[in-house]
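Below you'll find the structure, written out as structure tokens, and then a few comments.
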Amino acid sequence: MSRFMLIAVLGMFCLSQVRAGETRTWEGKWNNRKYNTTGPLKCVATSDDKGNWKATFTGLFKGDPFKYEATFQSKSTGIQHNLSGKATIRGHEYQWIGLMKGATLSGKYKSNIGYYGEFVLKEKE
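Residue numbers -20 to -1, 1 to 105, in mature numbering (1 follows the signal peptide of the UniProt record, and there is no 0), belong to the letters of the sequence shown in order.
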């Protein structure tokens, strides 16, 4: 039992330590609930020493490729990083919230023109 507790505590400590300049890559799918569409999504993000990330998201929307830059902030709870961010995509403002837990990056988004949905991405090694 104590060995399990030690592993769990070490795992939580390692998760809460995001190194400045760290670059991580996740891939998966997004879902647009307004139009019931989905597609592939990739995120490549680099962190700084204050929990800020600069990310590039690439994917497909109804067969059309897209690419956009986003910034987001992370706050560690010890077992996960809570995220929030904003982006401008094709002139529309988006806000999103999410979390980074283990190898998963997930979030929910909404735009000022009614698009909303979620994404779940898994880290690439």
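Ideal placement from N, C-alpha and C gives every residue a C-beta, glycine not left out.
Quick one, which of the options has its alpha-carbon nearest residue i's?
i     : options                    : result
Gly31 : Val24, Ser56, Thr38        : Ser56
Gly71 : Asn92, Thr18, His61        : Asn92
Thr3  : Lys88, Asn12, Thr26        : Thr26
Glu49 : Arg13, Ala35, Lys22, Asn11 : Ala35
Phe37 : Gly78, Ala67, Leu79        : Ala67
Ser54 : Ile69, Lys47, Tyr15, Gly78 : Gly78
Ala83 : Cys23, Ile69, Gly94        : Cys23
Trp33 : Leu63, Arg13, Gly19        : Leu63
Based on DSSP bridge pairs, tell me the residues matched to residue i.
i      : result
Ala50  : Ala35
Ile69  : His72
Thr17  : Asn12
Asn62  : Lys55, Leu79
Lys22  : Glu7, Thr38
Asp44  : Phe41
Gly97  : Asn12, Tyr89
Lys104 : BP columns for Lys104 are empty, so no partner.
When the distance is taken between beta carbons, is residue j closer than 8 Å to residue i?
i      : j     : result
Trp76  : Gly65 : yes
Gly8   : Phe99 : yes
Lys104 : Thr5  : yes
Quick check: what's the CA-CA separation for residue i versus residue j?
i     : j      : result
Tyr96 : Gly43  : 19 Å
Asn11 : Ser86  : 11 Å
Glu73 : Lys88  : 14 Å
Leu40 : Tyr15  : 14 Å
Phe46 : Asp29  : 29 Å
Leu21 : Leu101 : 8 Å
Gly94 : Arg13  : 10 Å
If I'm right that residue i touches residue j with Cβ under 8 Å, what's the distance once you round it to whole angstroms?
i     : j     : result
Gln60 : Lys90 : 21 Å between Cβ atoms; not a contact.
Does the beta carbon of residue i fall short of 7 Å from some heavy atom of the ligand ZN?
i     : result
Asp44 : For the ligand ZN, the structure offers nothing, since it holds no ligand at all.
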